[in-house]
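So the sequence shown is numbered by our numbering: it starts at 358 and just counts up by one.
Every residue gets a Cβ at the ideal spot worked out from N, C-alpha and C, and that includes glycine.
Have a look at the structure below, then the notes.
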Amino acid sequence: MVDADQTFVIVGGGLAGAKAAETLRAEGFSGRVILICDERDHPYERPPLSKGYLLGKAERDSVFVHEPAWYARHDVELHLGQTVDRIDRAAKTVRFGDDGTLVRYDKLLLATGAEPRRLDIPGTDLAGVHHLRRLAHAERLKGVLAALGRDNGHLVIAGAGWIGLEVAAAARTYGAEVTVIEHGPTPLHSVLGPELGNVFAQLHKEHGVRFRFGVRLTEIVGQDGMVLAARTDDGEEHPAHDVLAAIGAAPRVGLAEAAGLELADRAHGGGIVVDERLRTSDPDIYAAGDVAAFPHALFDTRLRVEHWANALNGAPAAARSMLGQDVTYDRVPYFFTDQYDLGMEYSGWAPPGSYDQVVIRGDAGKREFIAFWVKEGRVLAGMNVNVWDVTESIQRLITSRAAVDTDALADPHVPLESLGA
358 MVDADQTFVI
368 VGGGLAGAKA
378 AETLRAEGFS
388 GRVILICDER
398 DHPYERPPLS
408 KGYLLGKAER
418 DSVFVHEPAW
428 YARHDVELHL
438 GQTVDRIDRA
448 AKTVRFGDDG
458 TLVRYDKLLL
468 ATGAEPRRLD
478 IPGTDLAGVH
488 HLRRLAHAER
498 LKGVLAALGR
508 DNGHLVIAGA
518 GWIGLEVAAA
528 ARTYGAEVTV
538 IEHGPTPLHS
548 VLGPELGNVF
558 AQLHKEHGVR
568 FRFGVRLTEI
578 VGQDGMVLAA
588 RTDDGEEHPA
598 HDVLAAIGAA
608 PRVGLAEAAG
618 LELADRAHGG
628 GIVVDERLRT
638 SDPDIYAAGD
648 VAAFPHALFD
658 TRLRVEHWAN
668 ALNGAPAAAR
678 SMLGQDVTYD
688 RVPYFFTDQY
698 DLGMEYSGWA
708 PPGSYDQVVI
718 RGDAGKREFI
728 AFWVKEGRVL
738 AGMNVNVWDV
748 TESIQRLITS
758 RAAVDTDALA
768 DPHVPLESLG
778 A
């Protein structure tokens with residue numbers, strides 16, 4: 358039984374932290390809820406930072422999870438611009454980094470998220486080198502892209518993952534010249550494999566993006582603090598006025614590691630090890646969102662998922678688990694992207710090497726299709742491109758574990774609902 362005198366502390370003020378606080382109140386928890394955010398902005402959602410907000414199609418206020426008054430109205434003690442630098446598990450306290458204030462907790466949720474990986478090359482201290490993770494980054498980058506487009510400037514992007522490609526699309530929409538440097542053979546190779554990575558390569562090439570595959574940045578050249586060019590390990594020099602480092606994100610596990618919590622190895626994406634109830638190795642500490650490495654029975658592995666839907670769904674599950682409810686977090690991973698006139702949704706988990714074929718339903722050339730990653734007839738993942746209202750059917754095929762006829766899977770005339778029954 359949850360006592361009204363209990364204190365639940367949430368460290369991390371992104372979507373996960375805000376949704377956890379919301380769920381605690383919605384489920385009737387009447388104790389203290391303390392939400393600690395190291396940014397000065399109220400909790401916000403990150404997808405608009407590389408999509409609608411970056412493109413100027415969404416207003417700044419639209420990114421926030423709740424209006425500012427929501428927190429006081431629901432008696433959530435919100436600490437903005439505050440960091441936690443220590444967890445004392447024995448005393449069950451967290452310590453604020455700025456003034457050493459100690460706050461006792463009965464249950465603690467770590468929703469510390471991830472941070473951009475940094476380029477370890479000369480020139481990264483130049484003013485024109487950017488990352489995109491926070492609202493302040495997006496505000497700055499939006500102005501940079503507008504200026505590049507106005508002045509026919511050049512943007513070099515290190516990394517052809519989701520953030521790199523979404524920013525490339527935004528930059529071209531503004532009119533900037535774009536070169537993407539990617540050490541893999543295709544965009545998104547570690548996520549989609551070569552079969553579908555080429556679809557995104559062709560999309561961007563049609564919009565004027567230049568790719569350099571199989572190379573890495575070795576130096577950002579500048580003068581008087583400004584970027585002039587970017588050099589790659591094949592000896593080429595690429596003109597650049599600005600550079601975006603989009604080489605992935607690392608889970609923010611320093612606080613958990615210092616507290617002695619179990620961490621996942623790199624093969625499982627790093628992060629904080631949690632069980633199916635999102636409890637860490639300390640039964641009074643939970644983790645959710647980008648930082649949590651949770652066991653997924655459907656895929657028979659431990660996953661760490663850096664996508665909006667995981668924060669949206671995982672944090673409420675963690676909050677209910679903190680309340681003592683019977684929780685099993687086993688949502689199918691889901692993410693989406695919008696680039697130029699291409700909209701896509703992806704469900705499942707199928708890294709290269711885990712599947713034996715990719716089945717295409719529709720016309721990949723016209724970019725109106727569904728791709729299925731299949732192993733021994735079982736659908737591991739599905740990606741619908743400019744085809745809508747099929748996510749539920751795709752996820753049902755994944756969760757059913759049923760073998761399907763791949764010819765029928767590829768046939769648009771066969772309803773998805775009839776497969777795998």
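- CB-CB length for G628 against P652, believed under 8 Å: For this step, residue 628 is matched to residue 271 along the sequence shown. For this step, residue 652 is matched to residue 295 along the sequence shown. Wrong, their Cβ atoms sit about 12 Å apart, outside the cutoff.
Burial state of P404, where buried means 16 or more other Cβ atoms lie within 10 Å: Stepping through the sequence shown from its first residue, residue 404 is reached at position 47. The residue is buried, with at least 16 neighbouring Cβ atoms inside 10 Å.
Quick check on the burial criterion: 16 or more other C-beta atoms within 10 angstroms. Buried or exposed for G369? Mapped onto the sequence shown, residue 369 falls at position 12. Answer is buried; the Cβ neighbour count reaches 16.
Practice item. Enumerate in chain order the residues of its own chain whose CB-to-CB distance from R758 is below 8 Å, with the five nearest sequence positions on each side excluded. Key: For the purposes of this step, residue 758 is taken as residue 401 along the sequence shown, with counting starting at 1. So the list reads L655, R735, once near-sequence residues are dropped.
Discussion item. Could you check whether the Cβ of F386 sits closer than 9 Å to any Cβ belonging to chain D?
Written reply: Any reference to chain D falls outside this structure, which holds one protein chain only.
For N667: DSSP bridge partner residues:
Position 310 of the sequence shown, counted from the first residue, corresponds to residue 667. Per DSSP, none; premise fails for N667.
>> For P490, which residues in the same chain have their Cβ closer than 6 Å to its Cβ, ignoring the five residues on either side in sequence?
In response: Locating residue 490 in the sequence shown gives position 133, counting from the first residue. Looking at the sequence shown, residue 490 is not Pro but Arg. Excluding sequence neighbours, R490 sits near P473.
Candidates V548, K732, H564: closest to V537 by CA position: Locating residue 537 in the sequence shown gives position 180, counting from the first residue. That would be H564, whose Cα lies nearest to the Cα of V537.
| request: Using alpha carbons as the reference points, say which of L601, V441, D456, R417 lies closest to L498. | output: Here residue 498 corresponds to residue number 141 of the sequence shown, with the count starting at 1. The option with the nearest alpha carbon to L498 is L601.
Original post:
Pick from C394, D641, F557, R588: whose alpha carbon is nearest that of I478?
Top reply: The residue given as residue 478 occupies position 121 in the sequence shown. I478 has its Cα closest to that of R588, out of C394, D641, F557, R588.
field: Supposed close pair L465, V451 - CB separation, criterion 8 Å
entry: Walking along the sequence shown from the start, residue 465 turns up at place 108. Walking along the sequence shown from the start, residue 451 turns up at place 94. 7 Å between Cβ atoms; contact.
Is it right to say H408 is buried, meaning 16 or more other beta carbons lie within 10 angstroms of its own, or is it exposed? Translated into the one-based positions of the sequence shown, residue 408 becomes position 51. The amino acid at residue 408 is misidentified as His; the sequence shows Lys. So K408 ends up on the buried side.
> Between H546 and the rest of its own chain, which residues show a CB-CB distance below 6 Å, the 5 nearest in sequence each way excluded?
Replying inline: By one-based count along the sequence shown, residue 546 stands at place 189. Excluding positions up to five away in sequence, the list reads G554.
Going straight from the alpha carbon of G506 to that of G532, what length do you get? Here residue 506 refers to the residue found at position 149 when the sequence shown is read from its first residue. Here residue 532 refers to the residue found at position 175 when the sequence shown is read from its first residue. Spanning the two alpha carbons is a distance of roughly 4 Å.
message = What would DSSP say about Y691, mapped onto helix, strand or coil?
response = As a working note, residue 691 is residue 334 in the sequence shown. Strand, per DSSP.
So, D398 versus F421, is the Cβ gap smaller than 9 Å? For the purposes of this step, residue 398 is taken as residue 41 along the sequence shown, with counting starting at 1. For the purposes of this step, residue 421 is taken as residue 64 along the sequence shown, with counting starting at 1. In contact: D398 and F421 (Cβ atoms closer than 9 Å).
Quiz prompt | Proximity below 9 Å, CB of A528 to CB of I514 | solution = The residue labelled residue 528 in the question sits at position 171 within the sequence shown. The residue labelled residue 514 in the question sits at position 157 within the sequence shown. Between A528 and I514, the CB-CB gap stays under 9 Å.
Between the segment 375 to 391 and the segment 659 to 678, do at least 3 Cβ pairs fall closer than 8 Å?
yes
Using a 10 Å radius around the Cβ and a threshold of 16 neighbouring Cβ atoms, would you call A484 buried or exposed? Residue 484 sits at position 127 when you count from the first residue of the sequence shown. It is exposed - the Cβ of A484 has fewer than 16 other Cβ atoms within 10 Å.
What residue range is occupied by the uninterrupted beta strand (DSSP E) comprising S704? For the purposes of this step, residue 704 is taken as the residue at position 347 of the sequence shown. It spans 699 to 705 - the beta strand (DSSP E) in which S704 sits, taken as one unbroken run.
Check your understanding: Between Y703 and Q363, what straight-line distance do the alpha-carbon atoms span, to the nearest angstrom?
Key -> Counting from 1 along the sequence shown, the entry for residue 703 is found at position 346. Counting from 1 along the sequence shown, the entry for residue 363 is found at position 6. Going by the C-alpha atoms only, they are around 40 Å apart.
**Prompt:** In chain order, what residues of the same chain lie with their CB nearer than 6 Å to the CB of S638, ignoring the 5 residues before and after it?
**Reply:** Here residue 638 refers to the residue found at position 281 when the sequence shown is read from its first residue. Within the same chain, S638 has close Cβ partners L618, E619.
inquiry  = Going by DSSP, what residue range makes up the alpha helix (DSSP H) through L549?
reply    = Here residue 549 refers to the residue found at position 192 of the sequence shown. L549 -> alpha helix (DSSP H) spans 546 to 563.
- Query: If we ignore side chains and look at the alpha-carbon of each, how far apart do D746 and R659 end up?
  - Reply: As a working mapping, residue 746 is identified with position 389 in the sequence shown. As a working mapping, residue 659 is identified with position 302 in the sequence shown. Whole-angstrom Cα-Cα distance: 29 Å.
Assuming the contact rule is C-beta atoms closer than 8 Å, A721 and W730 should be a hit. Round their C-beta distance to whole Å, please.
Mapped onto the sequence shown, residue 721 falls at position 364. Mapped onto the sequence shown, residue 730 falls at position 373. Between A721 and W730 a beta carbon distance of about 14 Å is seen, past the 8 Å cut, so the two are scored as non-contacting.
Can you tell which of L635, H664, G516 has the C-alpha that lies nearest to the C-alpha of A603? Residue 603 sits at position 246 when you count from the first residue of the sequence shown. It is G516 whose Cα lies nearest to the Cα of A603.
Worksheet item: Just reading off the alpha helix (DSSP H) that W519 is part of, what are its end residues?
Response: By one-based count along the sequence shown, residue 519 stands at place 162. W519 -> alpha helix (DSSP H) spans 519 to 531.
Going by Cα to Cα distance, which pick from R461, H487, E552 is closest to M583?
-> The count along the sequence shown starts at 1 and reaches residue 583 at position 226. Nearest option by C-alpha distance: H487.
6 Å CB neighbourhood of M358 in its chain, flanking five on each side removed
Taking the first residue of the sequence shown as position 1, residue 358 is located at position 1. Summary for M358: the model assigns pLDDT 44, below 50, so the residue's position carries little reliability; its value from the coordinates is reported in the next sentence. None.
* By Cβ distance, which residues of its chain are closer than 8 Å to A606, with the 5 residues on each side in sequence left out? -> One-based indexing of the sequence shown puts residue 606 at position 249. Excluding sequence neighbours, A606 sits near A471, E472, P473, R474, R490, D647, E663.
Endpoints, the alpha helix (DSSP H) within which V535 is located:
On the sequence shown, position 178 is the one that residue 535 refers to. Run containing V535: none in the alpha helix (DSSP H); it sits in the beta strand (DSSP E), 534 to 539.
Please list the terminal residues of the continuous alpha helix (DSSP H) segment that includes P405.
To locate residue 405, count along the sequence shown from 1; it is residue 48. Segment 404 to 407, the alpha helix (DSSP H) holding P405.
- [ ] Pull up the CB-CB distance for P709 and G550, whole angstroms please, since I reckon it's below 8 Å.
- [x] To locate residue 709, count along the sequence shown from 1; it is residue 352. To locate residue 550, count along the sequence shown from 1; it is residue 193. Their Cβ separation, rounded to whole angstroms, is 5 Å, which keeps P709 and G550 in contact under 8 Å.
Which parts of the segment 369 to 453 are runs of the alpha helix (DSSP H), unbroken and 4 residues or longer, counting only runs that do not cross its ends? 372 to 383, 404 to 407, 426 to 430, all fully within the segment 369 to 453.
Problem - First and last residue of the uninterrupted alpha helix (DSSP H) at E508 - result: By one-based count along the sequence shown, residue 508 stands at place 151. Sequence check: residue 508 is Asp here, not Glu. D508 -> alpha helix (DSSP H) spans 492 to 508.
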